[in-house]
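K.L.:
In our numbering, the protein residues as written are 5 to 393.
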Ligand code: FAS
Ligand code: PHB
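(1) In the DSSP assignment, the beta strand (DSSP E) including residue 229 goes from what residue to what residue?
(2) Would a C-beta distance cut-off of 8 Å place residue 99 and residue 93 closer than the cut-off?
(3) Which residue's Cα is closest to the Cα of residue 2: 362, 302, 339, 244?
(4) Check this for me: beta carbons of residue 285 and residue 164, under 8 Å apart or not?
(5) Below 7 Å, is the gap between the Cβ of residue 212 and the nearest heavy atom of the ligand PHB?
(6) Grab me the residues of residue 185's own chain with a C-beta within less than 6 Å of its C-beta, minus the 5 sequence neighbours each way, in chain order.
(7) Quick test of your reading: residue 168 and residue 132, contact by CB under 8 Å. State the CB separation rounded to the nearest angstrom.
(8) Considering only residues of the same chain and omitting the five flanking positions on each side of residue 360, which have a CB-CB separation below 8 Å?
(9) Please confirm whether residue 151 and residue 145 have their CB atoms less than 8 Å apart.
(10) Determine, using beta-carbon pairs with one atom in the region 16-36 and one in the region 106-124, whether at least three such pairs fall under 8 Å.
(11) Looking at C-alpha atoms only, which residue of 193, 373, 148, 238 is the closest neighbour of residue 219?
(12) Three or more C-beta pairs closer than 8 Å, one from the region 197-204 and one from the region 72-88: is that the case here?
(13) If we count the other Cβ atoms within 10 Å of its Cβ and call it buried at 16 or more, is residue 329 buried or exposed?
(14) Just to confirm the assignment: which complete beta strand (DSSP E) runs, minimum length 3, are found wholly within the region 50-90?
(15) Below 8 Å between beta carbons: does that hold for residue 125 and residue 36?
(16) Would you check if the distance between the CB atom of residue 308 and the CB atom of residue 281 is smaller than 8 Å?
(17) Hey, out of 319, 272, 335, 290, whose CA is closest to residue 303's CA?
(18) Under DSSP, the alpha helix (DSSP H) around residue 32 begins and ends at which residues?
(19) State the start and end residues of the unbroken alpha helix (DSSP H) segment that holds residue 110.
(20) Report whether the distance from the Cβ of residue 199 to the nearest heavy atom of the ligand PHB is below 7 Å.
(21) Relative to the C-alpha of residue 269, which residue among 260, 294, 255 is closest?
(22) Indicate whether the contact test is met: 3 or more Cβ pairs, each with one atom in the region 43-61 and one in the region 371-388, closer than 8 Å.
(23) Sort out for me which residues DSSP pairs residue 269 with in a bridge.
(24) Quick one: is the Cβ of residue 295 within less than 7 Å of any heavy atom of the ligand PHB?
(25) Could you have a look at residue 321 and say whether DSSP puts it in helix, strand or coil?
(26) Please state the DSSP three-state secondary structure of residue 125.
(27) Report the rounded CA-to-CA distance for residue 103 versus residue 74, giving the unit in angstroms.
(28) To the nearest angstrom, report how far apart residue 320 and residue 49 are at their CA atoms.
(29) DSSP on residue 378, reduced to helix/strand/coil?
(30) Fully enclosed by the region 174-220, which beta strand (DSSP E) runs are 3 residues long or longer?
(31) Label residue 206 either buried or exposed according to how many other C-beta atoms from any shown protein chain fall within 10 Å of its C-beta, with 16 as the threshold for buried.
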């Protein structure tokens with residue numbers, strides 16, 4: 005087999021990269037370990053930044069998003085028993101869209117297959133060699149046959165647990181947090197029109213949604229929590245305590261998905277090794293408090309597609325030489341913002357009294373100062389692609 009770009013991983017990064025390259029006439033093959041059904045059902049992120057929506061719209065992938073996505077013009081921070089809205093529209097003139105990652109993945113897969121894209125699901129035993137100048141990806145297809153994919157470049161879009169980051173030895177920066185998120189999807193109509201981030205003495209809670217009938221909720225729990233040890237009743241009771249506020253009611257309903265997500269800040273530098281380019285979770289992980297994970301993956305492949313096309317067409321190496329540094333500026337901005345939101349909103353397990361007072365001071369200042377609220381707003385809705393602060 006031969007293609008121009010071999011893409012390992014059919015998550016948001018790999019699928020969008022394949023679509024962007026195809027729009028410029030560049031061939032790719034996407035290799036995915038899981039089944040199509042599995043990747044289309046995997047519940048993960050929920051918030052699309054403004055630049056993400058703009059890009060998906062620009063490249064013809066936003067029809068269903070524009071019909072079914074929920075446009076939000078602010079979020080609330082809940083602490084000290086009170087509610088404090090951060091008004092994105094007033095502060096920065098832009099908002100976010102709530103639209104599940106699995107919906108983005110479904111739209112991307114449908115677009116690629118409709119366009120004749122080559123996505124191989126359920127592959128195994130993926131290997132990457134020849135990264136200096138003539139990459140070869142080895143894999144066993146779903147039919148059990150061993151294949152070799154010869155390509156000009158390889159995009160490692162296989163997530164945090166993939167194999168591409170292991171094809172070389174990057175410098176890694178890793179910070180694990182002393183807590184995790186217990187997340188549920190519930191068949192319960194949302195009772196509030198925007199996201200609520202709550203800092204409660206018992207711990208953090210997040211109120212989100214996936215549509216007019218589905219609520220998405222998270223609780224801060226210890227890092228080694230087994231989701232099975234929390235009954236639905238216990239989850240609803242704790243959510244009710246942590247999200248309590250005047251005039252706020254929480255609709256309960258059947259829990260249709262339950263899971264624990266660890267919290268870490270992780271970056272691998274550089275994001276390129278010869279003809280291998282890492283993108284998305286393969287290169288970096290953020291704590292989900294800032295809703296940045298999927299959006300960073302999309303920003304990476306936007307840069308990568310714009311770098312690969314001139315290289316593959318004319319041998320222009322300027323874009324691919326700048327790829328890692330360009331992405332890492334945005335990555336570290338998102339890492340800092342996600343760490344800042346996480347530190348401000350989660351209760352430290354050591355219950356350090358000074359940390360608690362510093363945290364409450366940060367929260368009070370953020371909601372009282374227009375300058376501080378504007379900083380949160382511009383980071384949360386997403387800095388424009390190509391802007392490296
Ligand atoms: P992905 O992990 O999405 O995709 C990588 C793909 O590569 C997967 O389909 C995998 O099956 C495949 N793969 C792995 N190894 C392979 C191999 N050897 N060969 C072939 N294929 C291989 N972000 C948020 O913003 N908000 C959230 O609430 C949030 N919740 C999350 C919950 C969980 C449990 C996890 C794991 C992540 C969450 N994230 C969240 C982050 C998430 O949204 C990621 O940032 C996003 O999926 C990144 O997309 P990709 O880089 O494409 O990686
Ligand atoms: C979600 O809806 O899944 C979600 C929203 C905001 C976050 C994280 C997750 O910060």
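Even for Gly, the Cβ is constructed at its ideal location relative to N, Cα and C.
P.N.:
According to the structure shown:
(1) Within the chain shown, the letter at position 225 stands for residue 229. It is not in any beta strand (DSSP E) - residue 229 carries neither H nor E in the DSSP assignment.
(2) As a working note, residue 99 is residue 95 in the chain shown. As a working note, residue 93 is residue 89 in the chain shown. In this structure, residue 93 lies closer than 8 Å to residue 99 by Cβ.
(3) As displayed, the chain neither begins before 5 nor continues past 393, which places residue 2 out of reach and without an answer.
(4) Counted from its first residue, the chain shown places residue 285 at position 281. Counted from its first residue, the chain shown places residue 164 at position 160. Closer than 8 Å, so yes.
(5) Looking up residue 212 in the chain shown gives position 208. It does: the Cβ of residue 212 is within 7 Å (strictly closer) of some heavy atom of the ligand PHB.
(6) As a first step, residue 185 must be located in the chain shown, where it is residue number 181. Within the same chain, residue 185 has close Cβ partners 222, 265.
(7) Position 164 of the chain shown, counted from the first residue, corresponds to residue 168. Position 128 of the chain shown, counted from the first residue, corresponds to residue 132. Right, the Cβ-Cβ distance comes to about 6 Å (below 8 Å), so this counts as a contact.
(8) Counted from its first residue, the chain shown places residue 360 at position 356. The residues are 351, 352.
(9) Looking up residue 151 in the chain shown gives position 147. Looking up residue 145 in the chain shown gives position 141. Result yes, Cβ atoms of residue 151 and residue 145 sit closer than 8 Å.
(10) yes
(11) In the chain shown, counting from the first residue as 1, residue 219 sits at position 215. Per the Cα distances, 193.
(12) yes
(13) To locate residue 329, count along the chain shown from 1; it is residue 325. The residue is exposed, with fewer than 16 neighbouring Cβ atoms inside 10 Å.
(14) 74-76, 78-83
(15) Residue numbering aside, residue 125 sits at position 121 when the chain shown is read from its first letter. Residue numbering aside, residue 36 sits at position 32 when the chain shown is read from its first letter. Yes, they are a contact pair.
(16) As a position in the chain shown, residue 308 is number 304, starting the count at 1. As a position in the chain shown, residue 281 is number 277, starting the count at 1. Yes, they are a contact pair.
(17) Residue mapping note: residue 303 aligns to position 299 of the chain shown, counting from 1. Among 319, 272, 335, 290, the Cα nearest to that of residue 303 belongs to 335.
(18) In the chain shown, residue 32 corresponds to position 28, counting from 1. First-last for residue 32: 32-35, but that is the beta strand (DSSP E), not the alpha helix (DSSP H).
(19) Start at 1 with the first residue of the chain shown, and residue 110 comes out as number 106. Where residue 110 is concerned, the enclosing alpha helix (DSSP H) stretches over 105-118.
(20) As a working note, residue 199 is residue 195 in the chain shown. Residue 199 Cβ: within cutoff of the ligand PHB.
(21) Translated into positions along the chain shown, residue 269 becomes position 265. When each option's Cα is compared against that of residue 269, the closest is 294.
(22) yes
(23) As a first step, residue 269 is located in the chain shown; it is residue number 265 there, counting from the start. Per DSSP, 179.
(24) Within the chain shown, the letter at position 291 stands for residue 295. Yes, since a heavy atom of the ligand PHB falls inside the 7 Å radius drawn around the Cβ of residue 295.
(25) Mapped onto the chain shown, residue 321 falls at position 317. Residue 321: coil per DSSP, three-state reduction.
(26) Residue 125 sits at position 121 when you count from the first residue of the chain shown. In the structure shown, residue 125 sits in coil (DSSP, three-state: anything other than H, G, I, E or B).
(27) Looking up residue 103 in the chain shown gives position 99. Looking up residue 74 in the chain shown gives position 70. Distance between the alpha carbons of residue 103 and residue 74: 7 Å.
(28) If you number the chain shown from 1, residue 320 lands on position 316. If you number the chain shown from 1, residue 49 lands on position 45. Straight-line Cα distance between these residues: approximately 35 Å.
(29) Along the chain shown, read from residue 1 onward, the residue named residue 378 stands at position 374. DSSP places residue 378 in helix when its eight states are reduced to three.
(30) 175-191, 199-204, 207-215
(31) In the chain shown, the residue the question calls residue 206 occupies position 202. So residue 206 counts as exposed.
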